[in-house]
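Working notes, beginning with the structure itself.
Dropping the structure here:
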């Protein structure tokens, strides 16, 4: 319930009635119900942020380091100059990022071109760039060309999956990882664009479990760190939405 002292009309106008309609679960929902779901959606999005941030940073750093070691040192900078590894969509992203980072800045009235570094490029490229490097379209250039890259990025995958699925095929490992990453990418974009996440098609709780699992594939320490700081299950378990869905 909204506190009585709040001007409910002003709250609704601030959010917009049209936006609130995206949170309707039943034709019988009142405006107060919609605002309650909207506010709880904000809580869930806030609780997802640490998991999404940790997954993104861990994936991009481990994948970048593995490609550096096994295919090409400083590969991002070199790839921005000459397209060797990336397909067109990802290549366009790296060129755009490179151009943005090297755009001249003016000092004492004179243009100074900024140096391009690997670290700056890693930070500039979005989560989708790294997720799509895990697509099977990169099997020839990355995953099948240098299978050790998978083992370096996801060192705990085999031991974890062997317990769940002893017959799992090694050459299909990256397909399974990508199938988990893709819905998480969509969820991440909804969180960062302030859109509804409570009704995520893959199931919000399932998606969160996949984030935990992917982190475990990459780093037991990162997985344990998330478990210690995450409030997602707390917010999910008290959700007023679950009772309606």
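In the numbering used here, the protein residues as written are 9 to 253. Every residue gets a Cβ at the ideal spot worked out from N, C-alpha and C, and that includes glycine.
Residue i (DSSP reduced to helix, strand or coil)
i	result
residue 113	strand
residue 44	helix
residue 81	coil
residue 64	helix
residue 91	coil
residue 166	helix
residue 193	helix
residue 215	helix
residue 131	helix
residue 101	helix
residue 148	helix
residue 72	helix
residue 139	helix
residue 21	helix
residue 326	No information on residue 326 is available, as it lies outside the stretch 9 to 253 that the chain covers here.
CB of residue i within 8 Å of CB of residue j, strictly
i	j	result
residue 150	residue 192	no
residue 108	residue 132	yes
residue 112	residue 238	no
residue 186	residue 143	yes
residue 30	residue 204	yes
residue 154	residue 95	no
residue 63	residue 219	yes
residue 124	residue 79	no
residue 189	residue 224	no
residue 46	residue 71	no
residue 169	residue 74	no
Cα-Cα separation between residue i and residue j, rounded to whole angstroms
i	j	result
residue 160	residue 53	31 Å
residue 228	residue 34	41 Å
residue 104	residue 83	16 Å
residue 9	residue 212	For residue 9, the predicted model reports a pLDDT of 48, less than 50, meaning its position is unreliable; a value from the coordinates is still stated below. So the alpha carbons of these two residues sit roughly 24 Å apart.
residue 89	residue 247	49 Å
residue 235	residue 164	17 Å
residue 206	residue 55	12 Å
residue 311	residue 152	Residue 311 lies beyond the range of the chain shown here (9 to 253); nothing can be said about it.
residue 140	residue 182	11 Å
residue 130	residue 38	46 Å
residue 194	residue 114	38 Å
residue 24	residue 69	40 Å
residue 119	residue 137	30 Å
residue 110	residue 198	30 Å
Cβ neighbour criterion (16 or more within 10 Å) applied to residue i
i	result
residue 66	buried
residue 196	buried
residue 208	buried
residue 226	buried
residue 242	exposed
residue 98	buried
residue 216	buried
residue 49	buried
residue 231	buried
residue 106	buried
Per DSSP, cross-strand counterpart(s) of residue i
i	result
residue 118	115
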